[in-house]
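Contents: one structure, followed by commentary.
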Amino acid sequence: MPTADRLPTPLRRASPGVVAATVCVLVAIVLLAAWGVRPMELARYAAYWVGVVALPGVLVWRVLGPRLRYGVEDLAVGASLGYAAEVVGRIAFTAAGLPPVAGALAPSALSVLALAVPSIRRRAARPWVALPAAVSWGYAAIALVTSVWFAFGYFARQPVSWTGRGGPENDLLFALALAGEATHRWPLEFPWVQGEPLLYHWFFAEHLASATQLTGVPLPTLVLRLDLLPAMALVLLGTGALATRLARRSWVGPLAGGLLLVVQDASALPWSKLLAQPTADLMGVPYDVSFWWSTSGAFAAVVFTPLAVLLVDVVRGAARRRTWWLLVPLLGVGAGAKASVLPVVLAGTAWVVLSQWWVTRRLNRPALTALVAAGVVFAASWATIYGGQSQSLVLGPFRYVLTTALGSLLLGDTVPGRSALVLVLALIACLATLLVPVAGLGLLLSDRRARTDPAAQLALGGLILGVAGVVLLYHQGQSNLYFLRTALPLLTAAAAWGVSTRVASGVPVKALRPAAVAFAAGLVVMAVLALRDWAVFGPGQGALSRFGQVLIPWAVLAVLALAAAAYLRRSPGRRAVLGLLLVLFLAGAGAVRVPGQAVGWVASHPVGWVDQQANPSQQIDADGVRAARWIASHSGPDDVVVTNALCSNGSSAEVGVCVNRTFWVAAYTERRTVVSGWGYTATANRLATETGAVNNWEVPFWDRARWDAVRSFLADPSTTGADQLAQRGVHWVLAVPGYDPVGDRMGDVADPVFRAGGATVYRLRAPQPPSS
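For the sequence shown, this note's numbering gives the first residue as 63, with consecutive numbering after it.
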């Protein structure tokens, strides 16, 4: 048997990375299986992901993209590009009237054919450079911790199936409904309001539609289980590749990935809330929570990483002609992936152009070209994909804090002493904590050599946009945070680059001990401070006093940091690393949440555990979902459903305010409904903005004639009402307990064809022709 030192050189070099990757894949398989993914579903999805997504993306990247430092970086960034290629192919074929599945497969087919061309084959066969063993295991450690966090924080609390009443978060049902719409129909509409055009970033839905059609895996399993971990791994490795390209040092890759996925905002939340509520927050929804909460956000993060790598080369003047062949299509996919992607590109490239002209009086022509291209794509997408709608995003300086838990604690209606001063102080606190993962940008911009690099200015432009989005814009669902979230892969990569500017090349590991101690100190101090809930206030306690109490943990951190700074300043040899140690100390304070929750959940719950009380606001009847799934299996894609589930909080005649986010009927039937909720539609968002509604999910339905017709038919079914609905394409009636009443005469105009508990599916009888 050959020993390790006798193995071929390429195999010896690849083995640490292969072992690390294998461990991560095996853990992911165990977690997915424990939370209900069947082996054949996993196998079919893996084959699809490798053959349809990764293979064409990696080949195109290796042929057209810049050469990255390590082979695994080519794989990760290339696979991310594969998501974009799949969506472009599907949309192009669908718009041309061709089979959408053929479009999704087109990039793979073209890739196989392209390999027959010798010049393309030579470009694709780049030498493989393996990651150093320590870097490989650094990535693996982050991936393992994050995978466990997602499993216990997401899989355990967002059920694929359930008994009684429950269900996943509304935003996930929203994504599920759009995926069903993209799977079966074109052009797309908001499926819960028949005839309402889909003005939204919907490209993620096309990816999910391809996945379910090519694998046969149900959409709920894809959205709630399978699609998340590969996306997380690609964003981790893509961010690392971006950092390595910026700093030209391998160890910054895992550091950047850790800053993105492990170091969250340094909110002083108590352990009692952290372990009980994965989504608990004080200053705003953390990045990891938003990653699973927003399916479109996760898809956009995947697409953004290759785009950011290309932009770095462009602004540095290192882009080749073929770089633009990738950049321009990626701008288009980014536009449809998330509305915040192109603003980040515009802000970053605009800042590069302005800052370089200000300093050198010379134009950075490649950056200007990218700026113009992004502007053209943005204008086109704004008119077509979004229909010129703002999605309820409005100018609202300082109002962001009102959407946070901190804002409720300090500025609620019953809090004495509310003032503009408290509002501003709270906003500053929110910003400070949200920017903890990117504190290393301060090191980058204070380095005389690095800050003149156009790539550093690209990151600074993204940061300025992110901060402006928080300070100047308002959205009741914190969507203004996505300008910062979208830019985070670039910002954390640049922050890791900033850290590297304080570490000399070839420094021995022993010399890095103070950095490790600083990180550990921040983590331990914040973990100890989290033993108490600092947001428990006395009766009548004023807003300013409350703010001071909430700030105590940060005051402790500040005192310790100042004490350490005073000590280090006495030693001339350590003054140079003072900024580095402070940044890592803050990073440690922000790293309590993800590892702490993961360890706590593993210690207190078995693998595969499900929290039945995770989403108390969700009261979706499990039998109603079974009935909806029956419709999905027994109806045509153009069949329309009428349902009594109009308001998500109960009967429209009994609730005080109708909550309009009833997405689950469209999500599980995969069919359009006449109306079953109307939240998040372009019309609802517009009306919320025009009327100044506090919550757009409380806006009443605008089509009163349709509303009255549906309610009248349900309450008093008649042949006339059934014929009117049939003219709208309605074939099915879904009646579920707990919502609007359904009259006893429904059986006179529709045939009951399926029952699940108290839920009943009726098929409308064909309209009778008029008698002669």
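Yeah, the Cβ is synthetic: ideal placement off N, Cα and C, and Gly gets one too.
Residue i versus residue j - alpha carbon distance
| i | j | result |
| --- | --- | --- |
| Leu69 | Met102 | Reliability of the predicted coordinates at Leu69 is poor, the pLDDT of 43 falling under 50, and the value obtained from them is presented with this limitation in mind. About 35 Å. |
| Leu331 | Ser666 | 19 Å |
| His696 | Lys400 | 34 Å |
| Leu177 | Thr208 | 36 Å |
| Thr367 | Thr731 | 34 Å |
| Thr751 | Phe252 | 19 Å |
| Ala435 | Leu522 | 20 Å |
| Arg106 | Gly98 | 15 Å |
| Ala469 | Val463 | It is Gly, not Ala, that sits at residue 469 in the sequence shown. Distance between the alpha carbons of Gly469 and Val463 is about 5 Å. |
| Thr116 | Val122 | One detail in the question is off: residue 116 reads as Ala in this sequence, not Thr. Ala116 and Val122: Cα-Cα distance of roughly 10 Å. |
| Val376 | Leu130 | 15 Å |
| Arg817 | Ala689 | 7 Å |
| Trp354 | Ala109 | 23 Å |
| Arg511 | Leu606 | 43 Å |
| Pro699 | Asp515 | 53 Å |
| Leu525 | Asn542 | 13 Å |
| Arg807 | Gly228 | 30 Å |
| Ala494 | Gly315 | 24 Å |
| Asn747 | Val761 | 9 Å |
| Lys335 | Ala432 | 45 Å |
| Glu258 | Thr743 | 7 Å |
| Arg723 | Phe581 | 43 Å |
| Val656 | Gly200 | 16 Å |
| Ala66 | Ala138 | Low confidence applies to Ala66: its pLDDT is 42, below 50, so where it sits in the model is not reliable enough to give any reading. |
| Val532 | Pro405 | 14 Å |
| Ala488 | Gln611 | 12 Å |
Sheet register partners of residue i (DSSP bridge)
| i | result |
| --- | --- |
| Glu251 | Pro259 |
| Cys86 | For Cys86, which the question treats as bridged, DSSP gives no partner whatsoever. |
| Cys21 | With the chain running from 63 to 834 in the structure shown, residue 21 is simply not present. |
| Ile682 | Gly228 |
| Leu859 | The chain is shown from 63 up to 834; residue 859 falls before or after that span and cannot be answered. |
| Phe816 | Val823 |
| Val702 | Arg734 and Val792 |
Contacts around residue i, its chain only, beta-carbon distance under 7 Å, and the 5 residues preceding and following it disregarded
| i | result |
| --- | --- |
| Val364 | Ser142, Tyr145, Ala293, Leu296 and Val297 |
| Tyr544 | Gly359, Lys400 and Ser402 |
| Val134 | Gly79, Leu193 and Leu299 |
| Ala239 | Pro253, Trp254, Phe725, Ala728 and Ala729 |
| Ala653 | Val324, Val325 and Leu585 |
| Ala205 | Cys86, Ala295 and Leu298 |
| Ser77 | none |
| His246 | Pro699 and Glu732 |
Close Cβ partners of residue i (< 8 Å) along its chain, the five nearest in sequence each way excluded
| i | result |
| --- | --- |
| Val836 | Examination of residue 836 is not possible in this model, given that the chain is present from 63 through 834 alone. |
| Leu126 | Arg384, Thr385, Trp387 and Leu388 |
| Glu530 | In the sequence as presented, Glu is not what sits at residue 530; that position holds Ala. Cβ within range, chain order: Phe545. |
| Val639 | Arg564, Pro576, Ala577 and Leu630 |
| Leu392 | Leu143, Ala146, Val365, Pro368, Leu369 and Leu372 |
| Leu613 | Ala491 |
| Leu321 | Pro499, Val500, Gly502, Thr554, Ala557, Ala558 and Ala649 |
| Val390 | Ala435 and Val439 |
| Gly347 | What sits at residue 347 in the sequence shown is Val, not Gly. If we look at Val347 and ignore the five residues flanking it on each side, its Cβ neighbours are Thr341, Trp355, Gln540 and Leu543. |
Spatial neighbours of residue i in its chain, beta-carbon cut-off 6 Å, leaving aside the 5 residues before and after
| i | result |
| --- | --- |
| Gly560 | Gly502, Leu503, Leu505 and Leu506 |
| Val798 | Asp683, Gly686, Ala707 and Ala821 |
| Ala218 | Trp671, Val672 and Asp673 |
| Ala267 | Leu240, Ala241 and Ala244 |
| Ser562 | Ala309, Arg311 and Val314 |
For this session: Decide if the segment 528-545 is in contact with the segment 452-460; the criterion is three or more beta carbon pairs, one per stretch, under 8 Å apart.
Result: yes
For this session: Report the residue ranges of all beta strand (DSSP E) runs contained in full by the segment 786-811; include only those spanning at least 3 residues, in chain order.
Result: 792-797
For this session: Give, in chain order, every unbroken run of the alpha helix (DSSP H) that is at least 4 residues long and sits entirely within the segment 85-148.
Result: 101-110 and 117-126
Exercise. Between the segment 404-420 and the segment 380-388, do three or more beta carbon pairs fall short of 8 Å?
Worked result: no
Problem set entry | Unbroken stretches of the beta strand (DSSP E), 3 residues or longer, contained in the segment 612-676 | none
For this session: Please specify which runs of the alpha helix (DSSP H), each continuous and at least 4 residues long, are wholly inside the segment 554-620, giving them in chain order.
Result: 575-591 and 605-612
For this session: Indicate whether the contact test is met: 3 or more Cβ pairs, each with one atom in the segment 709-719 and one in the segment 421-439, closer than 8 Å.
Result: no
Exercise. Quick check: the segment 617-627 against the segment 488-502, are there 3 or more CB pairs under 8 Å?
Worked result: no
Problem set entry | Touching by the beta-carbon criterion (3+ pairs, under 8 Å), the segment 776-785 and the segment 807-817 | yes
For this session: Evaluate the contact criterion for the segment 277-285 versus the segment 307-322: three or more CB pairs, one atom per stretch, below 8 Å.
Result: no
For this session: Could you name each continuous alpha helix (DSSP H) segment of 4 residues or more that falls completely within the segment 414-442, going from the start of the chain to the end?
Result: none
Exercise. Which runs of the alpha helix (DSSP H) fall wholly inside the segment 322-387 and span at least 4 residues, in chain order?
Worked result: 333-338, 349-355 and 357-377
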